[in-house]
Amino acid sequence: MSSFKFTQVDVFTDQPLKGNPLAVVQDADALSDAQMQAFAHWTNLSETTFLLQPTDPAADYRVRIFTPNGELPFAGHPTLGSCHAWLQAGGVPRVRGMVVQQCGVGLVRIRQSETGAAFAAPALKMEPVDDETLDKVLSALGLARERVQASQWLQNGPRWLTLQVDSAETVLSLEPDHNALKDLAEVGVVGPYPEGSPCQFELRAFASVIGVPEDPVTGSLNAGVAQWLIERGVAPRRYTASQGQCLGRAGRVQIEHDGRTLWVGGQSVSCIRGELTL
């Protein structure tokens, strides 16, 4: 058996036990695919990541991202949490203030700041949602169609069937049938807070199809939602989103569109550091 450095990080928060937890295994090149998947299943977190030597000379490190049931090409909170753990373990980026991560969607830039980090959102593919699928999802959510203002498939690695609803209150009131959702899609729901609120939007993410009934705070969904809403003039170029309230996690996601790049950011805090033996 071999030993590996291990960190558990809470992402999109500055408080331990809030945000979205992530397990990070350092220097994991010796682990097999089966070992990575088995460990991710054992942690039972929404994602577990494994940091590897990059194969692209432009990258600072390579990451593989696993859910309890499979591997993802990209995910947002694992990107920020992995970067946090890599830097904390002594990683030094090639370019000061900018980490470059290699993952299943290619190279992802991560901008460092005094208040955390932000990743450059990957390219987004959008498709309309057909009425039959929409009806099934609304039924599983217990959501009336008149509450829905827009719907769209958003794909930036994960593929989210995303609903824009009338209010944050509607988002928070949802009590989905997770057994029904597991046969349908990964579903994201977003709704606005009243003007003057500390956060502009509330999000929830339901991913029973990959073994995660509700994800506490979801970077990929926030990235796709921001691109979708800003493009349509529904959201400003800079705002704060809330996610995880129904799970007691109180995550905060900072969105900024600088005219060329959408940045999705937040703070991270390490809660557990130790050694993994496999």
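Going by this note's numbering, 174 is the number at position 117 of the sequence shown; the sequence numbering is gapless. Think of the CB as a built atom: it goes at the ideal place given N, C-alpha and C, for glycine as much as any other residue.
- Burial is judged here by how many other beta carbons sit within 10 angstroms of a residue's own beta carbon; Val274 has at least 16 and is buried.
- DSSP, read as helix, strand or coil, puts Asn126 in coil.
- Comparing C-alpha distances from Phe96 to each of Gln159, Glu252, Gly173, Leu79 shows the shortest one belongs to Leu79.
- Per DSSP, reduced to three states, the secondary structure at Thr275 is coil, with no helix or strand assignment.
- Where Glu226 is concerned, the enclosing alpha helix (DSSP H) starts and stops at 225-230.
- The three-state secondary structure of Ser254, taken from DSSP, is coil.
- No residue range can be given for Glu104, since it is assigned to no beta strand (DSSP E) and is classified by DSSP as neither H nor E.
- Between the alpha carbons of Ile312 and Ala283 lies a gap of roughly 7 angstroms.
- Of the residues Ser59, Gly316, Leu304, Phe63, the one whose Cα lies closest to the Cα of Ala142 is Phe63.
- Here DSSP, grouped into helix, strand and coil, assigns Gly138 to helix.
- Three or more beta-carbon pairs separated by less than 8 angstroms are not found between the region 201-210 and the region 301-315, which leaves the two stretches without contact.
- In this structure, the alpha-carbon of Gln110 lies about 7 angstroms from that of Asp86.
- Here DSSP, grouped into helix, strand and coil, assigns Glu171 to coil.
- One alpha carbon belongs to Pro255, the other to Thr297, and they sit about 8 angstroms apart.
- In its chain, beyond the 5 residues on either side, Gln65 have a beta carbon closer than 6 angstroms to the beta carbon of Ile329.
- Spanning the alpha carbons of Thr70 and Thr100 requires a straight line of approximately 20 angstroms.
- Taking a contact as a CB-CB distance under 8 angstroms, the pair Phe258 and Val247 counts as one, their CB atoms being some 5 angstroms apart.
- When C-alpha distances from Pro215 are compared across Leu335, Ser299, His134, Ser170, the shortest belongs to His134.
- Per DSSP, reduced to three states, the secondary structure at Gly133 is helical.
- Contact between the region 113-121 and the region 156-167 is present: three or more C-beta pairs spanning the two stretches fall below 8 angstroms.
- A straight line joining the alpha-carbon of Val82 with that of Glu203 spans about 45 angstroms.
- Under the 8 angstroms Cβ criterion, the region 223-230 does not count as touching the region 182-191, having fewer than three qualifying pairs.
- Note on geometry: alpha-carbon atoms of Ser103 and Gly268 lie some 8 angstroms from one another.
- In summary, Pro251 is exposed, with fewer than 16 beta-carbon neighbours lying within 10 Å of its beta-carbon over all protein chains present.
- Excluding five sequence positions before and after Glu332, the CB atoms of its chain that fall closer than 8 angstroms to its own CB belong to Ser60, Phe61, Lys62, Phe63, given in chain order.
- Residue state for Arg151 is assigned as coil, using DSSP reduced to three classes.
- Leu195: member of the alpha helix (DSSP H) spanning 188-198, first to last residue.
- When Phe123, Pro249, Met58 are compared, the shortest CA-CA separation from Pro293 is found for Pro249.
- Selection Pro233, Ile122, Glu271 evaluated against Gly301 yields Glu271 as nearest (Cα-Cα).
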